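Visitor: Quick note: the sequence shown uses our numbering, first residue 8, plus one each step. For every residue, glycine included, the Cβ atom is placed at its ideal position computed from N, Cα and C. The model shown is predicted, which means the values in this text are computed figures rather than measured ones. One structure, as structure tokens, below. Some questions next.
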Amino acid sequence: MKKVLLVLAALFIILLGTAFVLPIIFKDDIRAAIDEQIASSVNARVYFDPEKFDLTLFKNFPNLTVSLGDFGVIGKDEFEGEVLMGVKSFSVVVDLYSLIYGDQPRIKAIDLEDLVVNVKVLKDGTANYDIAIPSEEEPEPEPVVEEEQPAEFSIAIDSWSLTNANIIYDDRSLGVYTEIKGLNHSGSGDFSQDIFDLSFNTHIDAFTLVYAGDNYMNKKQIDIDITFSMNLLESKYTFKENTIKINDFAFSFDGFVLMPGDDIEMDITYGTQENTFKSVLSLVPGVFTEGFEDLKTSGNFEFNGMVKGIYSEANNTLPAFNLTFKVSDAMFQYPDLPTAINNINLDVFVDNKDGVIEHTMVNVRSFHMDMGSNPIDAKILIKDLEKYTMDANIKAELNLAELASMFPMEGLEMKGTYNIDLTAKGYYDSIAELIPTINLKMALKNGNIKYAEYPIPMEKIRFTCSIVNSTGKMDETVIKVDDFNMLVDGEKFGANMVIRDLSDYQWDVHVHGGFDLEKISKIYPLEGMTLKGKIKADLDTRGRMSDLEKERYHKLPTSGSMSIKGFEFVSEDLPQGFSISSSKLVFTPGKIQLNSFNAKLGRSDLSLTGKITNYIAYAFNNKTLKGEFNFRSKKFDLNEWMVEEEGAVAVSEEEAIEADSLQLEVVEIPKDIDFVLKSSIDRIIYDNMKINDLKGDIIVRNGQVKMRNIKFNTLKGQFKVSGTYDTRDIDHPKFDFAFAIKDLAIRKAYKTFNTVQTMAPIAQNVKGNFSTDFKIKGELEPDMMPDYNTLVGAGVVEIEQATLSGSKVISRISKISSIA
């Protein structure tokens, strides 16, 4: 017996030593294999702490435990230094017996602690997770047709857990931002079985979802506790015990989902679990704050529904569904405000009996609330989402000054009485030109709006509005806005409008008054933009859409005038600024007469007089806008609109003339503009040129700019230019010019024009003047420089009293000649 015990003890010691030694022996080999695989597969910096890599049998004996600590991935290139993923601790426990003898390993547990994921996608679609190094392409082998065998999949996870994870998904190409803070998740499921329970529990401290700048979920707390009965043989998944909770709003599911093929059969009911009205308010962004627990609420809430039927993408069918949403005898009151919202009652029923979405019915059976002493009542029934059969009634009367006693409105003051009374009944049929009968009356009296950031209020706001149709025929609809008036710091503005006959719109609009744009922009701040100026308008217009479509503009009487003074506009896209010192326009049906227009575009001054025609057709029918102007400028600086390369700065005229690192960009000429500018410009600054006394016609038409008999002086010579700048094909802009040049300094031409430097470099050594009649055409590069491979030109050059010096070629010829 003693020998047997000694043998067993020796065997145990050998096994124990083996369990201790084997992981140490293979630990470095495994770690080296991991390093090699990462280097060949990932275009990013992967870090981990070698001291926290462990492979052991003792931690969960007799199971094998692999653990890794303090590892992650850091981006490169556009995402240099940004963490894509990081983990404080990661471990996997594997059943050793299944690893040695089984077909596939059995995972006992997976655990991650302090996971950080930061996914970012730029506007151009570049993503920081796209770090995989593409594998070398190998020729594809000939396909071998084999009988399809069922895949063997045997894996069981006794448990998994994720502790304190923080995840960000920032996709700027789609305008989506999602943030998950404090994610804790655990679950289990034996996937090696055909029938088993899959359970998981999830808690999120704060969930945020922003889309297109709108915050749909703001730091919502989420709890999910679900157990599924998984029947893999029948592909049937049944809800067992489950609860989903968002903030204080909790609901649960019962039923099953069956997916034997491409179609999905479901029979699911869902509903709330003793929710209060406060739980509904907790879902509203901006309501669930630190003080939400102090919000006074009462009332009952009911929420339930079902989904039953088959979803088939092939047959384009949906299951039937319904939803009931009720609030009864509810109220809420902010703790620091004196007035409550009382008597809140809401009963909504949404029903679809056959899964055809057009057959959905939305029935707001009743809605009532008292906002202080002001009641709001509504009933809305909508059936048949093709014709939108409607029966609606809404009635409300609000004292705007009382709202501040019910809702937090820091920095905003409102006054006035607002009323609305709406009834609508019928259906919409575009072919028969039918709409619901409607009777809407809406009014605002003694309105006043004031922001704390800007002390000047919008005062004495008033209007009445009505929409009436008693028969349902579109041509018998009348929309009126009467007596709209507003006062902003002494500036009055008023308007009246009548629209009749929705099948052939007939309008009668009158606008009178003025705006101070600086005051308006301070009331409604414009980010990244400065706007100033006073606009006064006195306009009357009326007409019918059929006359507009058939271009019978003489039947569209328009009259009045508009003046602009002290206008200034500066933005991120136009940092040079655009200003109008004064301008006056007179409107008639056929034209807009521009009696005066004095402006500055950056450092360039400009003035215009003339007329714009066809403006109504341009505004409503996408026709060509036409104009004839007299254009005058004392100085026009083109350098101000050049694109500066890195390190190039041109802050004054002299620096701009000397800067040779500036580049122009191709400017696309609109195809729906036909303007003739009879131009007179005293001075133009273009790159390192000064152009003086420019006169002639500039024609903007059909995506082209044509210069007709343009005359100017530069480089001590006289120029006469005619030609075309053509951007109808914006990818291949073209030019076609004819020059008549007299007495141009040759050396100055070489220093000024890149074309001369490329085509005639010897000109740098020539002293004298030349004259020419020359034609040249070709394509332009993106920087507005000529594409020399496309240039075609011809002409006659006359050179008077020129001398050539400093040429190596001439010196060599002279030397050879003297030797001979």
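Please classify V334 as buried or exposed, where buried requires at least 16 other C-beta atoms within 10 Å of its C-beta.
Guide: So V334 counts as buried.
Visitor: Alpha carbon to alpha carbon, how far is T565 from M416?
Guide: Looking at the two C-alpha atoms, the distance is approximately 43 Å.
Visitor: When DSSP builds the beta bridges, which residues end up paired with I587?
Guide: In DSSP, I587 forms a bridge with F574 and A606.
Visitor: Measuring alpha carbon to alpha carbon, tell me which of A502, V673 and S611 ends up nearest D644.
Guide: D644 has its Cα closest to that of S611, out of A502, V673 and S611.
Visitor: Once DSSP output is grouped into helix, strand and coil, what is the label at S477?
Guide: Coil, per DSSP.
Visitor: Between which residues of its own chain and P789 is the CB-CB distance below 8 Å, once the five residues before and five after are set aside?
Guide: Contacts found: E672 and V673.
Visitor: With DSSP as the reference, please indicate the residues paired to D234 in a beta bridge.
Guide: Sequence inspection shows Thr at residue 234; the Asp mentioned does not correspond to that position. According to DSSP, which records beta bridges pairwise, T234 is partnered with S206.
Visitor: Output the distance between the C-alpha atoms of Q711 and A134, rounded to the nearest integer angstrom.
Guide: Each residue's alpha carbon lies about 40 Å from the other.
Visitor: Can we count Q725 as close to the ligand ATP, meaning its CB is less than 7 Å from some heavy atom?
Guide: Among the components modelled here there is no ligand, and therefore nothing to report on the ligand ATP.
Visitor: Assign V799 to one of two classes, buried (16 or more other C-beta atoms within 10 Å of its C-beta) or exposed (fewer than that).
Guide: Flag for V799 reads exposed.
Visitor: At which residues does the beta strand (DSSP E) containing E635 begin and terminate?
Guide: That run of the beta strand (DSSP E) goes L632 to S640.
Visitor: Using 8 Å as the cut-off, can you tell me whether the region 373-389 makes contact with the region 340-354, which would need three or more C-beta pairs spanning the two stretches below that distance?
Guide: With a cut-off of 8 Å, the region 340-354 and the region 373-389 count as touching, because enough Cβ pairs lie within range.
Visitor: How far does the beta strand (DSSP E) with A399 in it extend, from its first residue to its last?
Guide: Looking at the DSSP string, the run of the beta strand (DSSP E) that includes A399 is T396 to N406.
Visitor: Pair every Cβ in the region 202-218 with every Cβ in the region 177-191, then say whether three or more of these pairs are closer than 8 Å.
Guide: A contact exists between the region 202-218 and the region 177-191.
Visitor: What residue ranges within the region 229-285 form continuous beta strand (DSSP E) runs of no fewer than 3 residues, ordered along the chain?
Guide: Fully enclosed beta strand (DSSP E) runs of 3 or longer: 243-253, 256-265 and 271-279.
Visitor: Under 8 Å, with one C-beta from each stretch per pair, do the region 680-689 and the region 699-706 reach the 3-pair mark?
Guide: Touching, yes.
Visitor: What are the boundary residues of the alpha helix (DSSP H) that includes F627?
Guide: Y622 to N628 is the extent of the alpha helix (DSSP H) around F627.
Visitor: Indicate the three-state DSSP secondary structure (helix, strand or coil) for M792 in the structure shown.
Guide: Coil, per DSSP.
Visitor: Could you give the distance in angstroms between the alpha-carbon of T484 and the alpha-carbon of I474?
Guide: Rounded to whole angstroms, T484 to I474 spans 7 Å at the Cα level.
Visitor: Are the region 445-463 and the region 412-430 touching by the rule of at least three beta carbon pairs closer than 8 Å?
Guide: Judged by Cβ distances under 8 Å, the region 445-463 makes contact with the region 412-430, as three or more pairs qualify.
Visitor: Express the C-alpha separation of N191 and N171 in angstroms, rounding to a whole number.
Guide: N171 and N191: Cα-Cα distance of roughly 5 Å.
Visitor: With respect to the beta strand (DSSP E) encompassing D681, which residues constitute its N-terminal and C-terminal limits?
Guide: Its beta strand (DSSP E) spans residues I680 to Y693.
Visitor: Just to confirm the assignment, what range does the alpha helix (DSSP H) spanning D554 have?
Guide: M552 to E556 is the span of the alpha helix (DSSP H), which, as asked, contains D554.
Visitor: With respect to the beta strand (DSSP E) encompassing F746, which residues constitute its N-terminal and C-terminal limits?
Guide: Looking at the DSSP string, the run of the beta strand (DSSP E) that includes F746 is K741 to A752.
Visitor: Please classify R559: is it buried, with 16 or more other beta-carbons within 10 angstroms of its beta-carbon, or exposed?
Guide: Its Cβ having fewer than 16 others within 10 Å, R559 is exposed.
Visitor: Within the region 496-553, note down every full beta strand (DSSP E) run reaching 3 residues or more, in order along the chain.
Guide: 498-507, 513-523 and 536-551, all fully within the region 496-553.
Visitor: Could you give the distance in angstroms between the alpha-carbon of T72 and the alpha-carbon of E120?
Guide: If I take the Cα positions, the gap works out to 16 Å.
Visitor: Is the number of C-beta pairs between the region 356-371 and the region 303-311 that are closer than 8 Å three or more?
Guide: Short answer: they don't touch.
Visitor: According to DSSP, is P6 part of a helix, a strand, or is it coil?
Guide: With the chain covering only 8 through 827, there is no way to say anything about residue 6.
Visitor: Mind checking L751: buried by the 16 CB within 10 Å criterion, or exposed?
Guide: L751 comes out buried.
Visitor: In this structure, what does DSSP give as the bridge partners for S380?
Guide: Bridge partners of S380: none, in fact.
Visitor: Are three or more beta carbon pairs between the region 775-794 and the region 727-741 nearer than 8 Å?
Guide: Output reads yes: the region 727-741 touches the region 775-794.
Visitor: Select from M378, K607, K572 and F500 the residue whose C-alpha is nearest the C-alpha of F585.
Guide: The shortest C-alpha separation from F585 is found at K607.
Visitor: Say whether chain B places a C-beta atom closer than 8 Å to the C-beta of S206.
Guide: Given the protein chain composition of this structure (a single chain), no chain B is represented.
Visitor: Which residue comes first and which comes last in the beta strand (DSSP E) that contains F332?
Guide: Per DSSP, F332 belongs to the beta strand (DSSP E) from A327 to Q340.
Visitor: Compare the Cα-Cα distances from V488 to each of L447, S528 and S96 and report the closest residue.
Guide: Answer by Cα proximity: L447.
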